[in-house]
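Undergrad:
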Amino acid sequence: MTSFMKFVTGGGLRIDYTITHDGQAKIRQPGGNCVYAAVGAKLWHVPVGIWARKGENYQDEWLQQLSHADICTEGILTIPGNHDHRTFFAYTEDGRRDDLNPAAHFARINHPLPPDLIDYVDSTPGQDNPNTYETLGIRPEDWPAVYDGVTAVHLAGHGLHSHLTIPGMLRDKGVSQITIDPGERYMIPKRKELIRQIMQQVDAFLPSEMEIRSLFGEEMGYLEAAQVLCDWGAKLVVVKMGAEGVLVVAENGRYTHIPAYHQPHDPRVIDVTGAGDAFCGGFMVGFARTQDPVQAAQMGLVTASIIVEGYGTLYPLTQPSQKIHQRLSHLKQRD
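Note that my numbering has the sequence shown beginning at 17, numbered continuously upward.
So this is what it looks like as structure tokens:
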């Protein structure tokens, strides 16, 4: 399979502890942004591989599940010893996400705090450090030879040092399309000069609305913020706005707002974990196929619409292709 690899998603492998917007607890589930992004790409029936690091404590069974789904795991490097893969997220009814203070959130839903989270602080310590890789942070020397010759790489949310150093290596390897979803901890004003450096190395920058607010504050609108990022050197900015869809802004000033497939408060939406990452995977495939950011965003939105209707990273791959293409047609007709 690797000789035909076209798409790669790089980022983190995680063990998720999640509270859904309707107060359900999902404990110790295999996750990770590069996994959700890979599933988002695989939904479009393309060969895709994962690039990540893991500790010996990350269960091989979870990797086998990915392999059985025809997602290549040969780019996953095992680091000796046990390492912290924990991620906690709580989603509120109004769509906000909080990754801090799990004890308070579990108390809110009258659920005992999982013992694994007693000493939990956050899942991204050191992510905004521009000089040091996180222990599980991918780095240029980790690039697996089996992925040489790929068409496109999506770098999911990760450490700043990784995002500063990897794109240049990928260009040297001949990768023609690079997209990045920034690490939320480094999207802060004091890192803006380094964020500029990232802008100039990639083909599309895919921040969330929360990351935009973190960098620019509450007063600046998403369109103005995206235009500033283009002024910094971004060729294309896609702001992910959850239930409100996405805003696509090009360096030439053209912009398009594309609503999400689901309307706000649609009862079919039961778990939004990984939706943004899955969007990025679908966008990666769509942009490589069409070179049209609007069509790519529509494919990403279809991918996100599938993943939010079920639980678990691999749920989307259980859905029929007809459903996917019907939703894409619906979005195109609505546009």
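For glycine and all other residues, C-beta sits at the position ideal for the given N, C-alpha and C. These numbers come from a predicted model, not from an experiment.
Give the straight-line distance between the Cα atoms of E227 and Y202, rounded to the nearest whole angstrom.
TA: The residue you call residue 227 lines up with position 211 of the sequence shown. The residue you call residue 202 lines up with position 186 of the sequence shown. Between E227 and Y202, the C-alpha separation is close to 9 Å.
Undergrad: Can you tell me whether A266 sits near the ligand HEM, meaning its C-beta is under 7 Å from at least one heavy atom of the ligand?
TA: Only the bare structure without any ligand can be found here, which leaves the ligand HEM out of the picture.
Undergrad: Name the two residues that bound the continuous alpha helix (DSSP H) containing I340.
TA: Position 324 of the sequence shown holds residue 340. Start and end: 337 to 350.
Undergrad: In three-state DSSP terms, what is T103?
TA: Walking along the sequence shown from the start, residue 103 turns up at place 87. Three-state result, T103: strand.
Undergrad: Determine, using beta carbons only, whether L29 and A85 come nearer to each other than 8 Å.
TA: Stepping through the sequence shown from its first residue, residue 29 is reached at position 13. Stepping through the sequence shown from its first residue, residue 85 is reached at position 69. No, the Cβ-Cβ distance between L29 and A85 is not below 8 Å.
Undergrad: Under 7 Å Cβ to Cβ from Y136, same chain only, skipping five residues before and after it: list those, please.
TA: As a first step, residue 136 is located in the sequence shown; it is residue number 120 there, counting from the start. Taken in chain order, the residues that qualify are R102, F104, P118.
Undergrad: I believe V264 touches P309 by the beta-carbon criterion, under 8 Å. Please report the beta-carbon distance rounded to the nearest angstrom.
TA: As a position in the sequence shown, residue 264 is number 248, starting the count at 1. As a position in the sequence shown, residue 309 is number 293, starting the count at 1. Yes, they are in contact, since the Cβ atoms of V264 and P309 sit about 5 Å apart, within 8 Å.
Undergrad: Are the segment 310 to 317 and the segment 251 to 264 touching by the rule of at least three beta carbon pairs closer than 8 Å?
TA: Short answer: they touch.
Undergrad: Should K42 and Y331 be called a contact, given that it needs their Cβ atoms to be closer than 8 Å?
TA: Working through the sequence shown from its first residue, we reach residue 42 at position 26. Working through the sequence shown from its first residue, we reach residue 331 at position 315. Taking 8 Å as the Cβ cut-off, K42 and Y331 do not qualify as a contacting pair.
Undergrad: Does DSSP put G65 in a helix, a strand or coil?
TA: Stepping through the sequence shown from its first residue, residue 65 is reached at position 49. If DSSP states are grouped into helix, strand and coil, G65 belongs with the strands.
Undergrad: E90 to P160, Cα distance in whole Å?
TA: Taking the first residue of the sequence shown as position 1, residue 90 is located at position 74. Taking the first residue of the sequence shown as position 1, residue 160 is located at position 144. E90 and P160: Cα-Cα distance of roughly 8 Å.
Undergrad: Pull up the distance between the alpha-carbon of G165 and that of G65, whole angstroms please.
TA: Against the sequence shown, residue 165 aligns to sequence position 149. Against the sequence shown, residue 65 aligns to sequence position 49. Their Cα atoms are separated by approximately 12 Å.
Undergrad: Quick one: grab the DSSP three-state call for K208.
TA: Mapped onto the sequence shown, residue 208 falls at position 192. The answer is helix: DSSP assigns K208 an H, G or I state.
Undergrad: Assuming Y52 contacts T329 under a Cβ cut-off of 8 Å, what Cβ separation, rounded to an integer in Å, is found between them?
TA: Residue mapping note: residue 52 aligns to position 36 of the sequence shown, counting from 1. Residue mapping note: residue 329 aligns to position 313 of the sequence shown, counting from 1. The Cβ separation is near 6 Å, so the contact holds.
Undergrad: Under the three-state reduction of DSSP, which class applies to V324: helix, strand or coil?
TA: Start at 1 with the first residue of the sequence shown, and residue 324 comes out as number 308. If DSSP states are grouped into helix, strand and coil, V324 belongs with coil.
Undergrad: What are the boundary residues of the alpha helix (DSSP H) that includes P46?
TA: On the sequence shown, residue 46 is found 30 positions in, with the first residue counted as 1. No alpha helix (DSSP H) contains P46, which is instead part of the beta strand (DSSP E) from 41 to 47.
Undergrad: Once the 5 residues before and after V318 are set aside, which same chain residues still bring their CB inside 7 Å of it?
TA: Numbered from its first residue, the sequence shown carries residue 318 at position 302. Only Y277, G298, I340, R343, L344, L347 meet the Cβ criterion.
Undergrad: To the nearest angstrom, how far is it from the Cα of P183 to the Cα of G56?
TA: As a first step, residue 183 must be located in the sequence shown, where it is residue number 167. As a first step, residue 56 must be located in the sequence shown, where it is residue number 40. If I take the Cα positions, the gap works out to 21 Å.
Undergrad: Closer than 7 Å by C-beta to T148: which residues in its own chain qualify, once you throw out the five before and the five after it? Chain order, please.
TA: Sequence index remark: in the sequence shown, residue 148 carries index 132 (1-based). Counting only Cβ-Cβ distances below 7 Å, and skipping sequence neighbours, we find G142, H177.
Undergrad: I194: buried (16+ other C-beta within 10 angstroms of its C-beta) or exposed?
TA: As a first step, residue 194 is located in the sequence shown; it is residue number 178 there, counting from the start. Looking at its Cβ environment, which holds 16 or more other Cβ atoms inside 10 Å, I194 is buried.
Undergrad: Among L231, R270, H174, G26, which has the Cα closest to the Cα of R207?
TA: Position 191 of the sequence shown holds residue 207. Nearest C-alpha to R207: L231.
Undergrad: Roughly how far, in whole angstroms, is the beta-carbon of I125 from the beta-carbon of I35, given that I think they are within contact range, below 8 Å?
TA: Numbered from its first residue, the sequence shown carries residue 125 at position 109. Numbered from its first residue, the sequence shown carries residue 35 at position 19. That belief holds up - the Cβ atoms of I125 and I35 are roughly 6 Å apart, short of 8 Å.
Undergrad: Measuring CA to CA, which of D158, V244, K256 is closest to A294?
TA: Position 278 of the sequence shown, counted from the start, is the residue given in the question as residue 294. Comparing Cα positions, the closest option is K256.
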